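Engineer: Following the working numbering, the numbering of the sequence shown begins with 121 at its first residue and continues without gaps.
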Amino acid sequence: MRRSIFSTLLVLLVTGTLFAQNKAAAPSAQTAVASSDASSRLPVKRVVLYKNGVGYFEHTARVHGTQDLSIDFTTAQLNDVLKSLTAVDLGEGRVSSVRYNSIAPLDERL
121 MRRSIFSTLL VLLVTGTLFA QNKAAAPSAQ TAVASSDASS RLPVKRVVLY KNGVGYFEHT
181 ARVHGTQDLS IDFTTAQLND VLKSLTAVDL GEGRVSSVRY NSIAPLDERL
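(1) Reducing DSSP to helix, strand and coil, say where Glu212 ends up.
(2) Hey, would you say Leu189 sits closer than 9 Å to Leu162, going by beta carbons?
(3) Hey, quick one: how far does the alpha helix (DSSP H) through Val167 stretch, first residue to last?
(4) Return the chain-ordered list of same chain residues with a C-beta closer than 7 Å to the C-beta of Gln141, the five sequence neighbours on each side being excluded.
(5) Which of the three DSSP states is assigned to Thr186 in this structure?
(6) So, with DSSP's three-state summary, where would you put Ala224?
(7) Alpha carbon to alpha carbon, how far is Ala207 from Thr186? Give it in angstroms, no decimals.
(8) Around the Cβ of Ile191, are there at least 16 other Cβ atoms within 10 angstroms (buried) or fewer (exposed)?
(9) Shortest alpha-carbon distance to Val201 belongs to which of Tyr170, Glu178, Asn172?
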């Protein structure tokens, strides 16, 4: 049975200083998502940046069955993503896990 799950992922960015430093990295993350295959694409639906420099990217997708979704980010963004990643299920399904890949050595990942 295929069931629909409406998932929303909110990724909060850090302060304006870090946002400005990673400004060049943000477009590459969006480009990587755009270049992935259509079944796992997770487009940015909304970008919010507050006056104090804190903001977030909102990614929204509809998931069927046991489909996996991915969101790409750089190693420099990993710490912020782990602190602020929120996965919301608005249907009757469940978010089973969140995982990340990294090329950095274990002692440098976090």
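Glycine residues also receive a C-beta, built at the ideal position from the N, C-alpha and C atoms. Predicted model, so just to flag it, every value in this text is computed and none were measured.
Structural biologist: Put simply:
(1) To locate residue 212, count along the sequence shown from 1; it is residue 92. Reduced to three states, the DSSP call for Glu212 is coil.
(2) Taking the first residue of the sequence shown as position 1, residue 189 is located at position 69. Taking the first residue of the sequence shown as position 1, residue 162 is located at position 42. Yes, the pair counts as a contact, with Cβ atoms nearer than the cut-off.
(3) As a position in the sequence shown, residue 167 is number 47, starting the count at 1. Careful: Val167 lies outside any alpha helix (DSSP H), inside the beta strand (DSSP E) at 164 to 169.
(4) Within the sequence shown, residue 141 is the residue found at index 21, counting from 1. Low confidence applies here, because Gln141 scores a pLDDT of 43, under 50, leaving its location unreliable; read the following figure in that light. For Gln141, where only same-chain residues beyond five positions count, there are no Cβ hits under 7 Å.
(5) By one-based count along the sequence shown, residue 186 stands at place 66. In the structure shown, Thr186 sits in coil (DSSP, three-state: anything other than H, G, I, E or B).
(6) In the sequence shown, residue 224 corresponds to position 104, counting from 1. Here Ala224 sits in coil by DSSP.
(7) Taking the sequence shown and counting its residues from 1, the one referred to as residue 186 is at position 66. Taking the sequence shown and counting its residues from 1, the one referred to as residue 207 is at position 87. Roughly 15 Å separates the two Cα atoms.
(8) By one-based count along the sequence shown, residue 191 stands at place 71. Looking at its Cβ environment, which holds 16 or more other Cβ atoms inside 10 Å, Ile191 is buried.
(9) If you number the sequence shown from 1, residue 201 lands on position 81. Comparing Cα positions, the closest option is Glu178.
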